[in-house]
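For the sequence shown, the positions run 101 to 558 when the working numbering is used.
No residue lacks a Cβ here, since even glycine has one placed at the ideal position from N, Cα and C.
This report refers to the structure that appears directly beneath it.
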Amino acid sequence: GAGVLEAAPGPLAGPPRASRAPGASVRPPRQEPGPPAQEVDCLESTLEKSLQAKFPSDLKVSILLDFTRGSRGRKNSRTMLLPLLQRFPEQVRVSLFHTPNLRGLLRLLMPERFNETIGLQHIKVYLFDNSVILSGANLSDSYFTNRQDRYVFLQDCPEVADFFTELVDAVGDVSLQLQGDDTVQVVEGMVHPYKGDRAAYCKAANKRVMDVINSARTRQQLLHAQTFHSDSLLTQEDAAAAGDRRPAPDTWIYPLIQMKPFEIQIDEIITETLLTEAERGARIYLTTGYFNLTQAYMDLVLGTRADYRILLASPEVNGFFGAKGVAGAIPAAYVHIERQFYREVCSLGQQERVQLQEYWRRGWTFHAKGLWLYLAGSSLPCLTLIGSPNFGYRSVHRDLEAQIAIVTENRALQQQLHQEQEQLYLRSGVVSSATFEQPSRKVKLWVKMVTPLIKNFF
Ligand SMILES: *[C@@H]1O[C@H](CO)[C@@H](O)[C@H](O)[C@H]1NC(C)=O
Ligand SMILES: *[C@@H]1O[C@H](CO)[C@@H](O)[C@H](O)[C@H]1NC(C)=O
Ligand SMILES: *[C@@H]1O[C@H](CO)[C@@H](O)[C@H](O)[C@H]1NC(C)=O
Numbered sequence: 101g102a103g104v105l106e107a108a109p110g111p112l113a114g115p116p117r118a119s120r121a122p123g124a125s126v127r128p129p130r131q132e133p134g135p136p137a138q139e140v141d142c143l144e145s146t147l148e149k150s151l152q153a154k155f156p157s158d159l160k161v162s163i164l165l166d167f168t169r170g171s172r173g174r175k176n177s178r179t180m181l182l183p184l185l186q187r188f189p190e191q192v193r194v195s196l197f198h199t200p201n202l203r204g205l206l207r208l209l210m211p212e213r214f215n216e217t218i219g220l221q222h223i224k225v226y227l228f229d230n231s232v233i234l235s236g237a238n239l240s241d242s243y244f245t246n247r248q249d250r251y252v253f254l255q256d257c258p259e260v261a262d263f264f265t266e267l268v269d270a271v272g273d274v275s276l277q278l279q280g281d282d283t284v285q286v287v288e289g290m291v292h293p294y295k296g297d298r299a300a301y302c303k304a305a306n307k308r309v310m311d312v313i314n315s316a317r318t319r320q321q322l323l324h325a326q327t328f329h330s331d332s333l334l335t336q337e338d339a340a341a342a343g344d345r346r347p348a349p350d351t352w353i354y355p356l357i358q359m360k361p362f363e364i365q366i367d368e369i370i371t372e373t374l375l376t377e378a379e380r381g382a383r384i385y386l387t388t389g390y391f392n393l394t395q396a397y398m399d400l401v402l403g404t405r406a407d408y409r410i411l412l413a414s415p416e417v418n419g420f421f422g423a424k425g426v427a428g429a430i431p432a433a434y435v436h437i438e439r440q441f442y443r444e445v446c447s448l449g450q451q452e453r454v455q456l457q458e459y460w461r462r463g464w465t466f467h468a469k470g471l472w473l474y475l476a477g478s479s480l481p482c483l484t485l486i487g488s489p490n491f492g493y494r495s496v497h498r499d500l501e502a503q504i505a506i507v508t509e510n511r512a513l514q515q516q517l518h519q520e521q522e523q524l525y526l527r528s529g530v531v532s533s534a535t536f537e538q539p540s541r542k543v544k545l546w547v548k549m550v551t552p553l554i555k556n557f558f
C-alpha cells in the first residue's frame, strides 16, 4: 500500500536512484526539474490499473494532510484529492489533521493562514510498500525546480516502512476523515479534535501514537539484542558464507517523533542529548531554512564544546523574499534574529567555534534542514538527522514532526552523507560583522517590532 503524508499535490519526481549502500542512499540536491507527471493523475492511473488487474484490488492509498493547509484557498489539496476519493472509495483514504489547540472563538476569529500558526501536521514521509522517502519537502512544484531541500530514500527497509505506515495510520485515526461530499467525519470512537474535550482528545491521541512507538521500540530492542549481544554473532563474512542470515548491520535508523500537543517529545530529547554529548573536536553541521533555535538548543550550542557550522538562508533565498504585506517582513525578521545570535556568539568570543553560514543561490529558495555529526578526528559523518523539524519553536512546541537519525559506519554511506553536506555548504558564505553592514541588511525598526508577533509562523 502507499501512504503519503503532508503531500501538496504537484509534479512527482522521477524514480529515486537505486541505493548502493545497504539500508539507505542519499540523493544529491536536485539540479533539474522533474518530469511533468502530475502526482494525483499518477495515483489515479495506478488505482485504475490495479482494478483492471484484480477485483477487488488490494492497492491502498492513504494520504494525511494538515487540515488548515490542505483546505487553504479555493483550489487546494483537498479539492484536488476529492475526485480520487469519489472514484475509489474502497481504496483511498484522506485524513486531515486538525490541531486540538485551534478551537472555540480562536478558531472562528483567526483569519486564513493565521490559523495555520496554531499547529500543523508537518511530517513529510512518502511510503511505497517497503520503501520510504523522508524529507522536509511537501511535493509542491517549487521543490522539483528551484527550492533546496533534503531527501533520503530507504529502499526495501520493511522495519522503517512498517513503523511509518503505522504512524500514518495512527495520526490518520486521530484526524478528520474526508468524505466524498467534501465533509469530514471523526473516526468512530475517537474524540473530536476541536469540538470534543481537549484533554480527552490529547490523551487518546497520545495513546494511539505511543502504542505505535512502543511496539516499534520493542522490535528494535530485540533486533539490537540479536545483533550486539548474541553468542552466535556472525561477522559479515560468516553470514555471507552461512547464507542463512542477514549480515550484521552497519547502519541503524531511529525514528524521532515530536508531537508536543500530545506530550510526545522524543525528537527534542534526542536532539538535546546529541548537542550535549558532542565532545570537543567534534563538528556539528546544523542547517535550517528558518533559523530561530529554541532557547534550550541555543544554550546548548553556545554552552557546549563541539564546533558548529550553522547553515541558514540568506534573506534573498528565504521563501518569503518579496512577499506581499506583513509576510514581506519575514526575511528581515530572520536577519534580525541571525544578528542577535551572531552578537551573542561574538560577545562570548566564540566566533571560531560557532560559525554561521548563509546559503545563497540565484533564483532559488532554501528549505533544507537537518544535522550531520562528525566525531573528533573524523573526516566523515557517522550520524545525520533528516526530516521535518526546523529546530525552532514551532517544531518543538506546536507541530507534529518526524525525522530519522541515521547512524552508520558504512563508508560508502558516510561518504554520500558527507558529499550532501558539502554540496549544500559550498553555496554559502561565512557570516561576519560585515554581513550586517550591507545596505540590504538594514533591519527597519518596524520589522524589529513585529518580529515577536510573526514568530509563530515557523
Ligand atoms: C508546501 O510547501 C510550499 C513551499 O514551502 C508552501 O508554500 C505550501 O503552503 C505547502 N503546502 C501545503 C499544503 O502545506
Ligand atoms: C482558517 O481560516 C479560514 C478563513 O477564515 C477558514 O476558511 C478555515 O476553515 C479555517 N480553518 C480552520 C481549521 O478553522
Ligand atoms: C524565535 O524563538 C523564540 C523562542 O524560542 C521566540 O521567543 C521568538 O519570538 C522567535 N522568533 C521568530 C521570528 O520566530
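> For Cys302, is the classification buried or exposed, using 16 other Cβ atoms within 10 angstroms of its Cβ as the cut-off for buried?
Replying inline: buried
> Considering only residues of the region 131 to 190, which uninterrupted beta strand (DSSP E) runs meet the minimum length of 3 residues and lie entirely inside it, listed in chain order?
Replying inline: 161 to 166
> In chain order, what residues of the same chain have a beta carbon less than 8 Å from the beta carbon of Ala378, not counting five sequence neighbours either side?
Replying inline: Ile384, Thr404, Arg405, Ala406, Leu473
> Along the chain, where does the alpha helix (DSSP H) that runs through Tyr251 open and close?
Replying inline: First-last for Tyr251: 251 to 254, but that is the beta strand (DSSP E), not the alpha helix (DSSP H).
> With a CB to CB cut of under 6 Å and the five nearest residues on each side skipped, what residues in its chain are close to Val543?
Replying inline: Ala432, Val435, His436
> Rounded C-beta distance between Tyr459 and Leu386? I'm assuming under 8 Å.
Replying inline: At roughly 13 Å, the Cβ-Cβ gap does not stay under 8 Å, so Tyr459 and Leu386 are not in contact.
>> By DSSP's criteria, Trp352 is part of a beta bridge. Which residues make up the other side?
In response: Val507
> Buried or exposed: which applies to Gln395, given that a residue is buried once 16 or more other Cβ atoms fall within 10 Å of its Cβ?
Replying inline: The C-beta of Gln395 has fewer than 16 other C-beta atoms within 10 Å across all chains shown, which makes the residue exposed.
> Do Val507 and Leu483 have their CB atoms nearer than 8 Å?
Replying inline: yes
> Nearest CA to the CA of Ile430: which residue from Ser315, Gln191, Arg541, Asn215?
Replying inline: Arg541
> What is the residue span of the beta strand (DSSP E) that Ser528 lies within?
Replying inline: 528 to 530
> Relative to ligand 2, is the shortest distance from any of its heavy atoms to the C-beta of Leu483 smaller than 7 Å?
Replying inline: no
>> On a Cα-Cα basis, can you pick out the residue from Asn418, Ser145, Leu485, Lys424 that is closest to Leu159?
In response: Ser145
> Would the C-beta of Ser447 count as close to ligand 5, meaning under 7 Å from any of its heavy atoms?
Replying inline: In the structure on display, ligand 5 does not appear, and the ligands it does have are ligand 1, ligand 2 and ligand 3.
>> Less than 8 Å between the beta carbons of Ser275 and Phe214, yes or no?
In response: Cβ atoms of Ser275 and Phe214: not closer than 8 Å.
>> I need the straight-line Cα distance from Gln451 to Arg439, nearest angstrom please.
In response: 13 Å
>> Three or more C-beta pairs under 8 Å: does that hold for the region 182 to 196 against the region 288 to 297?
In response: no
> Which residues does DSSP pair with Tyr385 in a beta bridge?
Replying inline: Arg409, Trp472
>> Taking 7 Å as the cut-off, is the C-beta of Pro361 nearer than that to any heavy atom in ligand 2?
In response: no
> Helix, strand or coil: which one does DSSP assign to Ala423?
Replying inline: coil
> Hey, how far is the Cα of Gly134 from the Cα of Ser447?
Replying inline: Note that Gly134 has pLDDT 35, beneath the 50 cutoff, so the model's placement of it is unreliable and the number below is only indicative. So the alpha carbons of these two residues sit roughly 46 Å apart.
>> Output needed for Phe362: all residues of its chain with C-beta closer than 7 Å, excluding positions within five of it in sequence on either side, in chain order.
In response: Answer for Phe362: Cys302, Ala305, Asn306, Val309, listed in chain order.
>> For ligand 2, I want to know if Arg207 counts as a neighbour, meaning its beta carbon is within less than 7 Å of at least one of the ligand's heavy atoms.
In response: yes
> Are there 16 or more other CB atoms within 10 angstroms of the CB of Thr283, so buried, or fewer, so exposed?
Replying inline: Of the other Cβ atoms in all chains shown, fewer than 16 fall within 10 Å of the Cβ of Thr283; this residue is therefore exposed.
>> From the DSSP secondary-structure annotation, give me the bridge partner or partners of Met210.
In response: According to DSSP, which records beta bridges pairwise, Met210 is partnered with nothing at all.
> How should Asp297 be labelled, buried or exposed, when 16 other C-beta atoms within 10 angstroms of its C-beta is the threshold for buried?
Replying inline: exposed
> Can you name the start and end residues of the beta strand (DSSP E) that Tyr459 belongs to?
Replying inline: Note, Tyr459: beta strand (DSSP E), 454 to 459.
>> Starting from Gln277, trace the beta strand (DSSP E) in both directions and tell me its first and last residue.
In response: Note, Gln277: beta strand (DSSP E), 276 to 278.
>> Check this for me: beta carbons of Glu259 and Asp367, under 8 Å apart or not?
In response: no
> For Phe155, is the classification buried or exposed, using 16 other Cβ atoms within 10 angstroms of its Cβ as the cut-off for buried?
Replying inline: So Phe155 counts as exposed.
> Using the C-alpha atoms, what's the distance from Ile163 back to Tyr493?
Replying inline: Distance between the alpha carbons of Tyr493 and Ile163: 26 Å.
>> Within a Cβ cutoff of 7 Å, which residues of the same chain sit near Leu143, ignoring the five residues on either side of it in sequence?
In response: The beta carbon of Leu143 sits closer than 7 Å to the beta carbons of Val161, Leu184 from its chain, once the five residues preceding and following it are set aside; these are given in chain order.
>> Please return the same chain residues whose Cβ sits closer than 7 Å to the Cβ of Val559, not counting the five positions on each side in sequence.
In response: With the chain represented from 101 up to 558, any question about residue 559 goes unanswered, as that position is not in the structure.
> For Ile357, does the three-state DSSP call read helix, strand or coil?
Replying inline: strand
>> Could you tell me the alpha carbon to alpha carbon distance between Gln75 and Gln516, rounded to whole angstroms?
In response: It is not possible to answer for residue 75, since the shown part of the chain is limited to 101 through 558.
>> Please classify Arg319 as buried or exposed, where buried requires at least 16 neighbouring CB atoms within 10 angstroms.
In response: exposed
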